[in-house]
Amino acid sequence: MKTTNGSSKFNLCRHLVIRHQINIGTNVSCNMKTKNSSTSHSVINKQRREEIDRLLLNCVIHGALPYNHFNHPWYDALFENLQLGYRAPDRRTLHKRIQSQYREYINELKQLIPKDRPIAFTTDVWKSPTRDHYICLTAHLFDDEIKPVSILLSFRRLIGRKLSKNLNEYIAYELNRFGLKDCFYAGITTDNGSDIKAATELGEFGPCFPCIAHTLNLVVNHALCIWKKPNENGHPFKLYEMNVEVEVEDDLTDDFDDEIINVEQEIYLIDLNGDKQSNETNNLIASSDIDVLPTTATTDVLEDEFISDSEESDDSSVDLPSSMDQENKQLLKLLHKTHALMVRTRKLVKIMRNIGQIDQYVRNHHNGPNNGFVVDIRIRWNSTFYMLKRLIDHQIVVKSIFIHKFSDINADQRRSLANVYLDHENWDILQALHDLLAPLEFATRSLSGKHYATLALAYTTINILRNGLKPKANDSYFLVFLKKSLLSQLNLYFDVKMNKTQKELMLVASYLDPESHQQLCQEDKTAAKVLLPIFMKRELQSSVTSSTPISSISVNTIQTLTDKLKIMVGMSTNVKSLKTLTIEEELILCGRAIQSFTGDFSSFWLQYRERFSRLYRVAQRVNIIPATSVPSESIFSIAGYVARKQRTSLSSTSLRHLMVLKESHRLDALRKISRGSTY
């Protein structure tokens, strides 16, 4: 008798003997087990066993493997061949060791995280495949080399309702747990969810910032109406006053952002044009929450649940308000047409994917995409760009489908295909949408990439979009109106809705970053110079209780070796101390230095942090604030993979331990921070 997973069969043999009087060699099994055990202990020593156990534990943590992954009999044979006498620990042993390692990591993190410099945070809420809500909190600070360091502080299941009060208490509890209650809070970045914004809007964790990437998502969806019909009672058809609280439909993120659950099920990467363009499509999303039937099957095309006949009706029947001016009427009509066209385009793509013969025709076509066409999903607007890009790049193939005679498709399928025919005007609108989404997709990728997205980068990105997306003389009729719609939404979200504090911090951060400073217009530079003295005085006030007063780092002396020797023997020297700069002098000199500097943020402030000490403190506070909540979002993407179907029995506690330990390598950056801080 053998077990499939290599576990003991003693209890089963004992049951057969006692209850059924069937003896199948219980004593022999026990003797063999004892013999193997003694052999194992005699072959491999304790130190070697612990070394291999530690490596396997790292595989489970960082490779997101199940706890019992190495308990398969085939692994026993592998380990026996590689290291005679070694047997992998079972899942219970690994679980206990992960718990122990988690506690050690948290204790070390509490000791290492510096309390003498500004710390910024990101937080977000995620709904797991088991419908549980999780909340995470990340911390961000500069090290001694003025490089940003990001640390995952906590990832745990949210007990109770997802109310702003509960979210606020969670953040306060975690900050108190890590001893960060009295630290310098630079700010906290969240998504556009109403609950998380309400939990942080009072400023007890620093200024609250909406995620710029989420905001761009709202801008695109409301400006281009790629998912929802245009609202004639909303912006830009109804104007709002500056700095007045307005009610705008921001529920797009609230409704769908929590539903980003399983990366393996929802997202996979596809090249747009084979291997030659693989680098362009690292973030391509090829499946959706409204997924379709397998592409290899020849079946009737089913209408999508979000598509109705009324949504694709003739746009000429739209009733326009009589009070609306002519230009807005044209824009509203175009947005209705754009929305209906996007509905039709998704139908077309799903038909080409669903019907097996058409799908094979596309894949086998010499000008066709290697992996077929892709469908966009609502929660990621940039997937719409990739869908349109592939359609336009392979427009010849799409047009040939409507004239090709397919022998194996039925009448209903032919009728469905005829109903989604795209004429010349439709292609012009799709081209205009593609041309408008291309820079927006690149901007979102820049803000959501692996490099740290600061407020300075966000401010520069927004200004480039505003200036670059203005209508040009050679733009098509459709592109001109779509650009106007997009610019009006950019104005709404980044001028009208964004509060004064957020605008000021973004402007100051851009002024103090050499790379962003070069992109500022003279008007922005003048406005920043007006704001900076206020920020510098705040830093002066906050430094009164600091262990490193400004006066101790703002005065530098020029000493030679002979001067130092004279001081040691009591002789007078001719060394002159540099005069402490006033706020006005520091602003003028820093402006000149940063204007001609060609390096990055870190290299500039490493060179000038002692000379411009007040501005250095301001730069450390405002330039560490993340522009997006990507640090939290990326944690959720990994969590969706870790808690996949194969690991549905994983408890929330185990998931928390695994997620925190997967980020444990970031602790090395904190270990390098010297105890004698230069802040």
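Our numbering puts the first residue of the sequence shown at 42, with every later residue one more than the last. We put the CB at the ideal spot given by N, CA and C, even for glycine.
Can you check whether the CB of residue j is closer than 8 angstroms to the CB of residue i?
{"i": "residue 159", "j": "residue 239", "result": "no"}
{"i": "residue 105", "j": "residue 683", "result": "yes"}
{"i": "residue 572", "j": "residue 149", "result": "no"}
{"i": "residue 219", "j": "residue 154", "result": "yes"}
{"i": "residue 495", "j": "residue 710", "result": "no"}
{"i": "residue 271", "j": "residue 376", "result": "yes"}
{"i": "residue 173", "j": "residue 198", "result": "yes"}
{"i": "residue 634", "j": "residue 649", "result": "yes"}
{"i": "residue 431", "j": "residue 443", "result": "no"}
{"i": "residue 523", "j": "residue 484", "result": "no"}
{"i": "residue 433", "j": "residue 471", "result": "yes"}
{"i": "residue 52", "j": "residue 58", "result": "no"}
{"i": "residue 655", "j": "residue 627", "result": "yes"}
{"i": "residue 534", "j": "residue 163", "result": "no"}
{"i": "residue 475", "j": "residue 519", "result": "no"}
{"i": "residue 468", "j": "residue 258", "result": "no"}
{"i": "residue 161", "j": "residue 666", "result": "yes"}
{"i": "residue 394", "j": "residue 416", "result": "yes"}
{"i": "residue 178", "j": "residue 191", "result": "no"}
{"i": "residue 131", "j": "residue 99", "result": "no"}
{"i": "residue 702", "j": "residue 102", "result": "yes"}
{"i": "residue 557", "j": "residue 497", "result": "yes"}
{"i": "residue 408", "j": "residue 438", "result": "yes"}
{"i": "residue 698", "j": "residue 143", "result": "yes"}
{"i": "residue 117", "j": "residue 713", "result": "no"}
{"i": "residue 645", "j": "residue 555", "result": "yes"}
Could you name the residues that DSSP lists as bridge partners for residue i?
{"i": "residue 245", "result": "247"}
{"i": "residue 163", "result": "179 and 230"}
{"i": "residue 418", "result": "421"}
{"i": "residue 174", "result": "168"}
{"i": "residue 667", "result": "495"}
With 16 as the cutoff for other CB atoms within 10 Å, does residue i come out buried or exposed?
{"i": "residue 115", "result": "exposed"}
{"i": "residue 559", "result": "exposed"}
{"i": "residue 233", "result": "buried"}
{"i": "residue 641", "result": "exposed"}
{"i": "residue 222", "result": "exposed"}
{"i": "residue 462", "result": "exposed"}
{"i": "residue 490", "result": "exposed"}
{"i": "residue 424", "result": "buried"}
{"i": "residue 526", "result": "buried"}
{"i": "residue 187", "result": "buried"}
{"i": "residue 229", "result": "buried"}
{"i": "residue 717", "result": "With a pLDDT of 48 at residue 717, under the threshold of 50, the modelled position of that residue is not reliable, and the figure given next carries that caveat. Per the 10 Å Cβ criterion, exposed."}
{"i": "residue 60", "result": "exposed"}
{"i": "residue 499", "result": "buried"}
{"i": "residue 152", "result": "exposed"}
{"i": "residue 459", "result": "exposed"}
Starting from residue i, trace the alpha helix (DSSP H) both ways and give me its first and last residue.
{"i": "residue 137", "result": "132–153"}
{"i": "residue 583", "result": "563–583"}
{"i": "residue 393", "result": "367–395"}
{"i": "residue 509", "result": "496–509"}
{"i": "residue 465", "result": "465–488"}
{"i": "residue 125", "result": "First-last for residue 125: undefined, no H or E at that position."}
{"i": "residue 543", "result": "541–552"}
{"i": "residue 621", "result": "Note, residue 621: premise wrong, no alpha helix (DSSP H); not H, not E."}
{"i": "residue 100", "result": "87–103"}
{"i": "residue 107", "result": "Where residue 107 is concerned, there is no enclosing alpha helix (DSSP H), given that its DSSP letter is neither H nor E."}
{"i": "residue 709", "result": "708–713"}
{"i": "residue 528", "result": "518–532"}
{"i": "residue 695", "result": "693–703"}
{"i": "residue 560", "result": "Residue 560 -> no alpha helix (DSSP H), and no H or E assigned at all."}
{"i": "residue 646", "result": "642–649"}
{"i": "residue 260", "result": "253–265"}
Tell me the residue span of the beta strand (DSSP E) that contains residue i.
{"i": "residue 231", "result": "226–231"}
- Query: Residue ranges of each alpha helix (DSSP H) run of no fewer than 4 residues wholly in the segment 178–219, ordered along the chain?
  - Reply: 205–218
- Which parts of the segment 424–461 are runs of the alpha helix (DSSP H), unbroken and 4 residues or longer, counting only runs that do not cross its ends? 436–444 and 452–460
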